[in-house]
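Residue numbers are given in our numbering: position 122 of the sequence shown equals residue 126, and the series is strictly consecutive.
Virtual Cβ for every residue (Gly too), placed ideally from N, Cα, C.
Given the structure is predicted, the values throughout are model-derived calculations rather than measurements.
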Amino acid sequence: MTKTELSDLYRDYIACLNAQDWPRLGQFVHQQAVHNGRPFGLTGYRAMLEQDFRDIPDLHFTIQRLIVDPPMIASRLQFDCTPRASFLGLPVNGRRISFTENVFYECRDGKIADVWSVIDKPAIEAQL
5 MTKTELSDLY
15 RDYIACLNAQ
25 DWPRLGQFVH
35 QQAVHNGRPF
45 GLTGYRAMLE
55 QDFRDIPDLH
65 FTIQRLIVDP
75 PMIASRLQFD
85 CTPRASFLGL
95 PVNGRRISFT
105 ENVFYECRDG
115 KIADVWSVID
125 KPAIEAQL
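Here is the structure:
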């Protein structure tokens, strides 16, 4: 895939997440998806995202930075949301928090196959 195609794929993937359009997720995520070294597959990856939205009803992914170098994508995502209970083991309990996530993706067969994600937990801790 070209840089433009990969960038478009990623932006469409983020739009899919924000719309919670789970039937379309397979257009963007590989059947053998891996997240932080854990082999989830598409089904497990979808279940993880669905749980995220149950835990954080106002979850919205905002792309702050995007770098594409096929087959890799690097993104810094911004969040401003209100988790219902604990989040990352922290007692958020309905308070609004803002934080970022740095994510690296590797694409295979035109889909996101490997995801490495790090959430800025100290930023959340500082708000609590």
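Distance between residue j and residue i (C-alpha atoms, nearest Å)
i      : j      : result
ILE60  : ALA19  : 17 Å
SER79  : VAL72  : 9 Å
GLU129 : VAL96  : 9 Å
ARG100 : HIS39  : 26 Å
GLY48  : LYS115 : 16 Å
Beta-carbon proximity of residue i to residue j, cut-off 8 Å
i      : j     : result
CYS3   : ILE67 : Look at the range of the chain in this structure, 5 to 132, and you will see that residue 3 is not part of it.
THR104 : LEU70 : no
PHE32  : ASP16 : yes
ILE123 : LEU94 : no
LEU63  : ARG50 : no
PRO74  : THR6  : yes
Boundaries (first-last residue) of the beta strand (DSSP E) holding residue i
i      : result
THR36  : For the record, residue 36 in the displayed sequence is Gln; it is not Thr. First-last of the beta strand (DSSP E) with GLN36: 33 to 39.
PHE103 : 101 to 112
GLN4   : In the structure as shown, the chain begins at 5 and stops at 132. Residue 4 is therefore absent and cannot be evaluated.
ILE116 : 115 to 123
LEU29  : Run containing LEU29: none; DSSP gives neither H nor E here.
ARG80  : 76 to 85
Among the options, nearest to residue i - alpha-carbon criterion
i      : options               : result
SER11  : VAL38, GLU54, TYR109  : TYR109
PHE83  : PHE65, GLN131, GLY93  : PHE65
GLN88  : ARG58, SER102, GLY114 : Per the sequence presented here, residue 88 reads as Arg, with Gln not at that position. If we check each option's Cα against that of ARG88, ARG58 comes out closest.
TYR14  : VAL107, LYS125, GLN36 : VAL107
ALA127 : GLU54, SER102, GLU9   : SER102
GLN24  : LEU132, MET52, THR86  : MET52
N-terminal and C-terminal residue of the alpha helix (DSSP H) that residue i is part of
i     : result
THR6  : Counting along the chain, THR6 falls outside any alpha helix (DSSP H), and DSSP gives it neither H nor E.
GLN55 : 45 to 59
Quiz item: Counting pairs of Cβ atoms below 8 Å between the segment 115 to 122 and the segment 39 to 50, do you hit three or more?
Solution: yes
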